[in-house]
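Colleague:
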Amino acid sequence: MTTPLAIRARGIHVDFEVYTDRRAGLKSRLVKRRDATGKTVVRAIQGIDLDIYEGDTVGVVGLNGSGKSTLLSAVAGVLPLSSGELLVADEPRLMGVGSALIAEASGRRNIRLGCLALGMAKDDVDARIDDMIAFTELGEAIDRPLNTYSSGMRARIQFVVATAVSPRILLIDEALGVGDKDFRLKSRQRIEEIIAAAGTLMMVNHSLGELKAFCSRGIWLADGRVKMDAAIDEVIAAYEAEA
Amino acid sequence: MTTDERHDDTSHLRTTDVSQSAIAYLRHMWARRHFAYSMPAERFRSRHQNTVLGNVWNLLNPLLTAGVYYLIFGVILNASRGVDNYILWLVIGLFAFRLTSSTVGRGATSITARQGLVRSLRFPRALLPVSTTIGEIMTFTFEVSILFVFAFATGESISWKVLLLPFVVALHTVFNLGLAFIVARLNDSFRDVQQIIPFVFMLARYLVGVMVPIDRFADAAPAPIYYTLAWNPMVQILELYRWIFMDVPVSLYDVAHALVLAVAVLAVGFKFFIGAEHRYGRP
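Going down the list, the sequences are from chains A and B.
Using the numbering used here, read the first sequence as starting at 1 and increasing by one per residue.
Using the numbering used here, read the second sequence as starting at 1 and increasing by one per residue.
#1: Measure the CB-CB distance between Ala66 of chain B and Val91 of chain B and report whether it falls below 7 Å.
#2: Taking only runs of the alpha helix (DSSP H) that begin and end inside the segment 159-219 of chain B, which ones reach a length of at least 4 residues, in chain order?
#3: Which term fits Gln236 of chain B, buried or exposed, when burial requires 16 or more other beta carbons within 10 angstroms of its beta carbon?
#4: At the level of alpha carbons, what is the spacing between Arg27 of chain B and Arg185 of chain B?
#5: Using the Cα positions of Glu242 of chain A and Ser216 of chain A, report the straight-line distance between them to the nearest angstrom.
#6: By Cβ distance, which residues of its chain are closer than 8 Å to Thr51 of chain B, with the 5 residues on each side in sequence left out?
#7: Once the 5 residues before and after Arg8 of chain A are set aside, which same chain residues still bring their CB inside 6 Å of it?
#8: Hey, Tyr53 of chain A and Leu5 of chain A: beta-carbon distance below 7 Å or not?
#9: Secondary structure at Leu11 of chain A, three-state DSSP: helix, strand or coil?
#10: Rank A:Phe16, A:His13, A:Thr3, A:Met203 by C-alpha distance to the C-alpha of Thr10 of chain B and give the top, closest one.
#11: Note down, in chain order, all residues in the segment 220-249 of chain B with a beta-carbon under 9 Å from any beta-carbon belonging to chain A.
#12: Leaving out five residues on either side along the sequence, give the residues of the same chain with a beta carbon under 7 Å from the beta carbon of Tyr86 of chain B.
#13: Just to make sure I have the definition right: I need the residues of chain A whose C-beta is within less than 8 Å of the C-beta of Asp9 of chain B. Which are they?
#14: By DSSP, does Val88 of chain A sit in helix, in strand, or in coil?
#15: Short of 7 Å Cβ to Cβ, which residues in the segment 176-190 of chain B face chain A?
#16: Across which residues does DSSP place Phe148 of chain B in a beta bridge pair?
#17: Val265 of chain B: which of B:Leu88, B:Gly178, B:Leu163, B:Phe44 sits nearest, CA to CA?
#18: For the segment 48-79 of chain A, enumerate the residues whose C-beta is nearer than 7 Å to any C-beta of chain B, in chain order.
#19: Could you round the C-beta distance between Arg225 of chain A and Gly107 of chain A to whole angstroms and report it? I think they count as a contact, below 8 Å.
#20: With DSSP run on the structure shown, which of helix, strand or coil describes Asp247 of chain B?
#21: Can you tell me whether Thr2 of chain B is helix, strand or coil according to DSSP?
#22: Which of the three DSSP states, helix, strand or coil, is assigned to Leu201 of chain A?
#23: Pro129 of chain B: buried (16+ other C-beta within 10 angstroms of its C-beta) or exposed?
#24: Where does Arg279 of chain B sit, in a helix, a strand or coil, going by DSSP?
#25: Taking C-alpha atoms, which residue in A:Asp126, A:Ile169, A:Leu63, A:Ala162 lies nearest to His34 of chain B?
#26: Would you say the segment 103-121 of chain B touches the segment 210-218 of chain B, given that touching needs at least three Cβ pairs under 8 Å?
#27: Please return the same chain residues whose Cβ sits closer than 7 Å to the Cβ of Gly114 of chain A, not counting the five positions on each side in sequence.
#28: Indicate whether Ile232 of chain A and Gly59 of chain A have their beta-carbon atoms separated by less than 7 Å.
#29: What are the start and end residues of the beta strand (DSSP E) that includes Leu170 of chain A?
#30: Give the list of continuous alpha helix (DSSP H) stretches no shorter than 4 residues that lie fully inside the segment 43-95 of chain B.
#31: Is the shortest distance between the beta-carbon of Gly135 of chain B and the beta-carbons of chain A less than 7 Å?
#32: In the DSSP assignment, what residue or residues form a beta bridge with Ser83 of chain A?
#33: With DSSP collapsed to three states, give me the class of Pro145 of chain A.
#34: Please confirm if Leu259 of chain B has its CB atom under 7 Å from at least one CB of chain A.
#35: Have a look at B:Phe44, B:Thr16, B:Gly82 and flag the residue whose alpha-carbon is nearest the alpha-carbon of Val248 of chain B.
#36: What's the call for Met1 of chain B, buried or exposed, on a 16-neighbour Cβ count within 10 Å?
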């Protein structure tokens, strides 16, 4: 039996153009070239090649700013590549913290909107929304506006949206750390179901224990490059030895 | 984890870039049409939730606007500018023009104001200007109902022409959406655009005949201004609204002119917008 590729990255680069604190004056911005505009280019991902196969569970480790979240966003297709080629077998689904659809709308309506945005059919959403709400265990809070939620409560909304349709490629960016113990257990079961259904997982988490629990393969990023790509235990051992 | 059983075939893989063909892109949009509609509906629902009067403001807002203009131009200045029922003529122009200016104004920030959403969920980004446009039409429906009241109160008789109102709104929307696409991309590249837009509309308000009929100054105007007046489909769109509610003529040539230009603006705007699809969302 052969395992097909799920994700292939070849020489991907992601650059950001950001304003630095010390901004150039209007004159130098208009008269001089681009490098005088007070903008700086941050090279977040600097040439990554990856082959990830169906059923792979990949944990990504690295220091803050090493490009972990950027890599996940790039694979998810929500962040543009500056160069390189990225191919996927199926629409990847990114689960991250901090994003919200409409802060003034209730949790229930945000779940509905999120599912619609991801292309679920309206009837499908209506048929399954009660199950999704039950999964969040938010009780009456589900009808309160999202801007009254704690980060843990928000994470539950995001979790049910991201896992509504069993994605074949699931990307998790620190999203599990915020729930409480019971919810973490439940979400772990759900993720294991997804992996069991021939799903591919890429995960960023500062809890190395969490990565060991889910992943078999590890990738260590440093300065936007792959420093090590091996079994998760080896990668974590090497990473801990250095850090 | 041995690699020899792994397959290096890439024929089943695809890129995550959806903007390669306009047809495929439109199909993706169609699949998510309920999102485009639900998003402004939720915003609309929550907009007045912190006010005592709540959703009554949706009606009160246009009513008070019309009232203020009635007071200033009808009672205090008693202006007519050579137009029968000038107050109604003016209010129709104001509301219809406001639909364009707010659609374009909010359209400009439809991508930039929703970076969190753009960076966490993947969907055709053109849905954002579309949903902004739909949201503004929702507001406009309340203004239209006030226009009916105003037309009735100022002695206009409502005729069969109101049956054509949906077509006029559709034509108007085609034009507005095209502009929204253009400014959404421009503003994503240069945030300066959203600062300029209010001034463009401040000027346009006079140039397209919202306050004063353009034939009052068109002939005497310098050439660049004259061509703005003659070519801008907004002029004909306002005429069409006035034709619906009032006893004023409109020429078929003008309608065709507005239709062709509006469709052209939408086609160009859509192509222009999806040309930068992969760039939206970068920090």
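Note that beta-carbon positions come from the ideal geometry of N, C-alpha and C, so glycine has one too.
Because the structure is a prediction, the values reported are computed rather than measured.
Modeller: So, from the data block:
#1: As a working note, residue 66 of chain B is residue 66 in the second sequence. As a working note, residue 91 of chain B is residue 91 in the second sequence. Result yes, Cβ atoms of Ala66 of chain B and Val91 of chain B sit closer than 7 Å.
#2: 165-189, 193-207
#3: Indexing the second sequence from 1 puts residue 236 of chain B at position 236. Under this definition Gln236 of chain B is a buried residue.
#4: Indexing the second sequence from 1 puts residue 27 of chain B at position 27. Indexing the second sequence from 1 puts residue 185 of chain B at position 185. Spanning the two alpha carbons is a distance of roughly 21 Å.
#5: If you number the first sequence from 1, residue 242 of chain A lands on position 242. If you number the first sequence from 1, residue 216 of chain A lands on position 216. Cα-Cα distance, rounded: 21 Å.
#6: Residue numbering aside, residue 51 of chain B sits at position 51 when the second sequence is read from its first letter. Excluding sequence neighbours, Thr51 of chain B sits near Trp57.
#7: Residue mapping note: residue 8 of chain A aligns to position 8 of the first sequence, counting from 1. Asp51, Leu87, listed in sequence order.
#8: The residue you call residue 53 of chain A lines up with position 53 of the first sequence. The residue you call residue 5 of chain A lines up with position 5 of the first sequence. For Tyr53 of chain A and Leu5 of chain A, yes; Cβs fall inside 7 Å.
#9: Position 11 of the first sequence, counted from the first residue, corresponds to residue 11 of chain A. The sequence shown places Gly at residue 11 of chain A, rather than the Leu named in the question. If DSSP states are grouped into helix, strand and coil, Gly11 of chain A belongs with the strands.
#10: Numbered from 1 along the second sequence, position 10 holds the residue referred to as residue 10 of chain B. Among A:Phe16, A:His13, A:Thr3, A:Met203, the Cα nearest to that of Thr10 of chain B is on A:Thr3.
#11: none
#12: For the purposes of this step, residue 86 of chain B is taken as the residue at position 86 of the second sequence. Closer than 7 Å at Cβ, skipping near neighbours: Phe73, Ala79, Ser80.
#13: Sequence index remark: in the second sequence, residue 9 of chain B carries index 9 (1-based). Within chain A, the residues near Asp9 of chain B are Pro4, Leu5.
#14: Numbered from its first residue, the first sequence carries residue 88 of chain A at position 88. Here Val88 of chain A sits in strand by DSSP.
#15: none
#16: Along the second sequence, read from residue 1 onward, the residue named residue 148 of chain B stands at position 148. In DSSP, Phe148 of chain B forms no bridge with anything.
#17: Here residue 265 of chain B refers to the residue found at position 265 when the second sequence is read from its first residue. Among B:Leu88, B:Gly178, B:Leu163, B:Phe44, the Cα nearest to that of Val265 of chain B belongs to B:Gly178.
#18: Tyr53, Ser73, Ala76, Gly77, Val78, Leu79
#19: Here residue 225 of chain A corresponds to residue number 225 of the first sequence, with the count starting at 1. Here residue 107 of chain A corresponds to residue number 107 of the first sequence, with the count starting at 1. That pair is no contact at about 40 Å.
#20: Looking up residue 247 of chain B in the second sequence gives position 247. Reduced to three states, the DSSP call for Asp247 of chain B is coil.
#21: In the second sequence, residue 2 of chain B corresponds to position 2, counting from 1. Its pLDDT being 48, under 50, Thr2 of chain B is placed unreliably by the model, and nothing is read from it.
#22: Here residue 201 of chain A corresponds to residue number 201 of the first sequence, with the count starting at 1. Residue state, collapsed to three classes: strand.
#23: Mapped onto the second sequence, residue 129 of chain B falls at position 129. Burial call: buried.
#24: As a working mapping, residue 279 of chain B is identified with position 279 in the second sequence. The answer is helix: DSSP assigns Arg279 of chain B an H, G or I state.
#25: The residue given as residue 34 of chain B occupies position 34 in the second sequence. Taking only the C-alpha atoms, the option nearest His34 of chain B is A:Asp126.
#26: no
#27: Here residue 114 of chain A refers to the residue found at position 114 when the first sequence is read from its first residue. Closer than 7 Å at the Cβ level, and outside the excluded window around Gly114 of chain A, lie Leu101, Val161.
#28: Against the first sequence, residue 232 of chain A aligns to sequence position 232. Against the first sequence, residue 59 of chain A aligns to sequence position 59. Yes, the Cβ-Cβ distance between Ile232 of chain A and Gly59 of chain A is below 7 Å.
#29: Against the first sequence, residue 170 of chain A aligns to sequence position 170. Note, Leu170 of chain A: beta strand (DSSP E), 169-173.
#30: 57-69
#31: Within the second sequence, the letter at position 135 stands for residue 135 of chain B. No, no contact with chain A.
#32: To locate residue 83 of chain A, count along the first sequence from 1; it is residue 83. Ser83 of chain A is bridged to A:His13.
#33: To locate residue 145 of chain A, count along the first sequence from 1; it is residue 145. Strand.
#34: Locating residue 259 of chain B in the second sequence gives position 259, counting from the first residue. It does not: the Cβ of Leu259 of chain B has no partner Cβ on chain A nearer than 7 Å.
#35: Here residue 248 of chain B refers to the residue found at position 248 of the second sequence. If we check each option's Cα against that of Val248 of chain B, B:Gly82 comes out closest.
#36: On the second sequence, residue 1 of chain B is found 1 positions in, with the first residue counted as 1. Bear in mind that the predicted position of Met1 of chain B carries a pLDDT of just 48, short of 50, making it unreliable; the figure below should be weighed with that in mind. By the 10 Å Cβ count, Met1 of chain B comes out exposed.
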